[in-house]
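Okay, structure first, notes after.
Protein chains: 2
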Amino acid sequence: MEQISNLQVVPCASSDYLKAFTVRYSQNGTKKSWDFMRTHDSVSVLIFNTTSHCFILVKQFRPAVYMCEWEKSMPTPPHPEGSQEGSEGCPAPAPDEPATSGEGQESEGAAGQPEQPPASAGVTFELCAGLVDKPHLSLEEIARQEVLEECGYDVPVARLRRITSYRSGVGVTGAKQTMFYAEVSDEDRVSEGGGKPQEGELIEVVKVPLHEAMTFAYDESIPKTMGVIFSFIWFHSSMSPKYKISTNV
Amino acid sequence: MEQISNLQVVPCASSDYLKAFTVRYSQNGTKKSWDFMRTHDSVSVLIFNTTSHCFILVKQFRPAVYMCEWEKSMPTPPHPEGSQEGSEGCPAPAPDEPATSGEGQESEGAAGQPEQPPASAGVTFELCAGLVDKPHLSLEEIARQEVLEECGYDVPVARLRRITSYRSGVGVTGAKQTMFYAEVSDEDRVSEGGGKPQEGELIEVVKVPLHEAMTFAYDESIPKTMGVIFSFIWFHSSMSPKYKISTNV
Chain W
783 MEQISNLQVV
793 PCASSDYLKA
803 FTVRYSQNGT
813 KKSWDFMRTH
823 DSVSVLIFNT
833 TSHCFILVKQ
843 FRPAVYMCEW
853 EKSMPTPPHP
863 EGSQEGSEGC
873 PAPAPDEPAT
883 SGEGQESEGA
893 AGQPEQPPAS
903 AGVTFELCAG
913 LVDKPHLSLE
923 EIARQEVLEE
933 CGYDVPVARL
943 RRITSYRSGV
953 GVTGAKQTMF
963 YAEVSDEDRV
973 SEGGGKPQEG
983 ELIEVVKVPL
993 HEAMTFAYDE
1003 SIPKTMGVIF
1013 SFIWFHSSMS
1023 PKYKISTNV
Chain G
783 MEQISNLQVV
793 PCASSDYLKA
803 FTVRYSQNGT
813 KKSWDFMRTH
823 DSVSVLIFNT
833 TSHCFILVKQ
843 FRPAVYMCEW
853 EKSMPTPPHP
863 EGSQEGSEGC
873 PAPAPDEPAT
883 SGEGQESEGA
893 AGQPEQPPAS
903 AGVTFELCAG
913 LVDKPHLSLE
923 EIARQEVLEE
933 CGYDVPVARL
943 RRITSYRSGV
953 GVTGAKQTMF
963 YAEVSDEDRV
973 SEGGGKPQEG
983 ELIEVVKVPL
993 HEAMTFAYDE
1003 SIPKTMGVIF
1013 SFIWFHSSMS
1023 PKYKISTNV
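Below, the structure written as structure tokens:
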């Protein structure tokens, strides 16, 4: 179980990671302006282990998810109405500065300072995934690297099947995500996975048995990305002739 | 067809819409730091018209999506390697400043200044959706408002069926998205929809016939969100006893 403590939040005046730009343009003659962030495209991989008949997911503490839950635990709704954005899951106006929370798990829940949510509130289940940030590698090669680094399976590129691609965060980032499917066996396992600890990645590899997959997908008490839900239902719909799957949903 | 011209891109030092923060914390005793953006949660609605047996989607020009394509049309890969982020569709380091493109559709493709992509490169198909930015309204009530404003159907809250919820942009925003399903008929149509032009929304309502839905979902030449793909396949998987659906995928 993760332990999160000593939480402090400060406005981020300059970030090496979040780079905001404004684009001004005319749309059918009407002048418009939009703030956006530049991003990398990304790949994700639904991994199915044919030895154990389990899906292989990754699980990690996500500060951004945690902060959403932290904010909801605050006494006053912090968001003003209205925004630039009216789409699926995009940023919006925020107050000048969130409060600062000191000791985390040890919070005493003093007046006006609600107890900090448990670390589990920020832990999400996700597909193995990575950014397309190596121009000399194909999407498949990047996907292969992520499967190896995060989950410890060495899968030849030829065994990656492209599922589809789509746009994410259309209001703010708009990056293209490409999803692959990879069947692996215990024989392909060459390491523990877990990401790159030297880059701060603390990734846990988890297995979801095939017969529990659809229940897992629709269990809203388990925080997860839409990629997990979509890929499980895709598998269910595309692979059911090949593998027996519980359809108890 | 959209016409996009007079495109100018400038760094965004301060935004009313994109608010970045840094959270510092200890994870299992290890000090960490993460830049994130505060967001609203959101709702989206898969709308199925039982009169015409069509799905009702919205289509609009998305500057962030367009800028991704615009950047790809540039001669030099602009992104350095490495980043804070290794997940599904999240922001990453960007160079100091993108170039500025002047006349859009009329670009002459001068040396070193590639032709601007067509406006269609930034037009995406999406589910009807909106931000959860009204604390006094339930998710269902917000969803109902969006269906009315964007698509012109007046649907009682009781006819909204919750599909599921999930986390989006787990690296940067982490907001919770809740997806609903609404069956409507032509009798529920009370207006043209199209969003709020006074707030700059230029939304086109489009119909996707049921028998074309799965082909549409997996056609990668049609830019769309994962919400569209997932909800179509969800419908296919959950509603197929009720409606005949092409399974030609």
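So the protein sequences, as listed, match chains W and G. Everything in the first sequence is counted per our numbering, starting at 783 for the first residue and increasing by one. Everything in the second sequence is counted per our numbering, starting at 783 for the first residue and increasing by one. Glycine included, C-beta positions come from ideal geometry on N, C-alpha and C.
Test item: CB-CB of residue i and residue j under 9 Å
i: W/Leu839; j: W/Leu909; result: yes
i: G/Gly904; j: G/Arg844; result: yes
i: W/Ala822; j: W/Leu913; result: First, the amino acid is wrong: residue 822 of chain W is His here, not Ala. Going by C-beta atoms, W/His822 is nearer than 9 Å to W/Leu913.
i: W/Ser967; j: W/Thr833; result: yes
i: G/Leu789; j: G/Gln898; result: yes
i: G/Met1008; j: W/Gln980; result: no
i: W/Phe1012; j: G/Phe1017; result: no
i: G/Ala825; j: G/Ala925; result: Here residue 825 of chain G turns out to be Val, not Ala, going by the sequence shown. It is a contact, given that the beta carbons lie within the stated cut-off.
i: W/Ala964; j: W/Ile786; result: no
i: W/Gln809; j: G/Glu784; result: yes
i: W/Asn831; j: W/Lys989; result: yes
Pairwise C-alpha distance: residue j and residue i
i: W/Ser855; j: W/Asp798; result: 29 Å
i: W/Ala957; j: W/Ser947; result: 10 Å
i: G/Ile940; j: G/Val827; result: Per the sequence presented here, residue 940 of chain G reads as Ala, with Ile not at that position. Whole-angstrom Cα-Cα distance: 14 Å.
i: W/Trp852; j: W/Gly934; result: 33 Å
i: W/Asp970; j: W/Ile1004; result: 28 Å
i: G/Met996; j: G/Ser1019; result: 11 Å
i: G/Gly811; j: W/Ile985; result: 16 Å
i: G/Ile829; j: G/Phe837; result: 6 Å
i: G/Ala881; j: W/Ala911; result: Per-residue confidence for G/Ala881 stands at a pLDDT of 37, beneath the threshold of 50, marking its modelled position as unreliable; the derived number appears in the next sentence. G/Ala881 and W/Ala911: Cα-Cα distance of roughly 30 Å.
i: G/Gly951; j: W/Phe962; result: 19 Å
i: G/Met849; j: W/Tyr807; result: 11 Å
i: G/Leu992; j: W/Gly976; result: 42 Å
i: G/Tyr1025; j: G/His835; result: 9 Å
i: G/Lys813; j: G/Lys978; result: 45 Å
i: G/Arg944; j: G/Glu932; result: 19 Å
i: G/Tyr800; j: G/Val1010; result: The residue you asked about is not Tyr; residue 800 of chain G is Leu in the sequence shown. Answer to the nearest angstrom: the Cα atoms are 25 Å apart.
i: G/Lys916; j: W/Asp915; result: 38 Å
Residues near residue i by beta carbon distance below 6 Å, same chain, minus five either side
i: G/Trp816; result: Val805
i: W/Ala893; result: No answer about W/Ala893 holds up, because its pLDDT of 49 lies below 50 and its placement is not dependable.
i: G/Thr955; result: Met819, Thr821
i: G/Val847; result: Gly904, Thr906
i: G/Phe1014; result: Ala995, Ala999
i: G/Met1021; result: none
Bounding residues of the beta strand (DSSP E) (the contiguous stretch that carries residue i)
i: W/Cys850; result: Taken as a continuous stretch (DSSP letters only), W/Cys850 belongs to no beta strand (DSSP E), being part of the alpha helix (DSSP H) at 845-854.
i: G/Gly912; result: 910-913
i: G/Arg943; result: 942-949
i: G/Glu965; result: 958-966
i: G/Pro793; result: 786-793
i: G/Tyr807; result: 802-809
i: W/Lys814; result: 812-819
i: G/Leu828; result: 824-831
i: G/Pro857; result: Taken as a continuous stretch (DSSP letters only), G/Pro857 belongs to no beta strand (DSSP E), as it is neither H nor E.
i: G/Pro900; result: Unbroken run through G/Pro900: none, as it is neither H nor E.
i: G/Glu986; result: 986-991
Limits of the alpha helix (DSSP H) - the one that residue i falls within
i: W/Thr997; result: 995-1000
i: W/Val1010; result: 1008-1021
i: G/Gln927; result: 921-928
Other residues of its chain near residue i: CB distance less than 7 Å, five sequence neighbours each side excluded
i: W/Asp754; result: The structure shown does not extend to residue 754 of chain W, since chain W is modelled only from 783 to 1031, so the question has no answer here.
i: W/Glu1002; result: none
Same chain, Cβ closer than 8 Å to residue i, five either side skipped, listed in chain order
i: G/Gly884; result: At G/Gly884, the pLDDT of 37 sits below 50, so the modelled position is not reliable; the number obtained from the coordinates is stated separately. Closer than 8 Å at Cβ, skipping near neighbours: Asn788, Leu789, Gln790.
i: G/Pro938; result: Arg926
i: W/Phe803; result: Asp817, Phe818, Met819, Arg820
query: Below 8 Å, can you find three or more Cβ-Cβ pairs linking the stretch 916-928 of chain W to the stretch 784-795 of chain W?
result: These segments do not touch.
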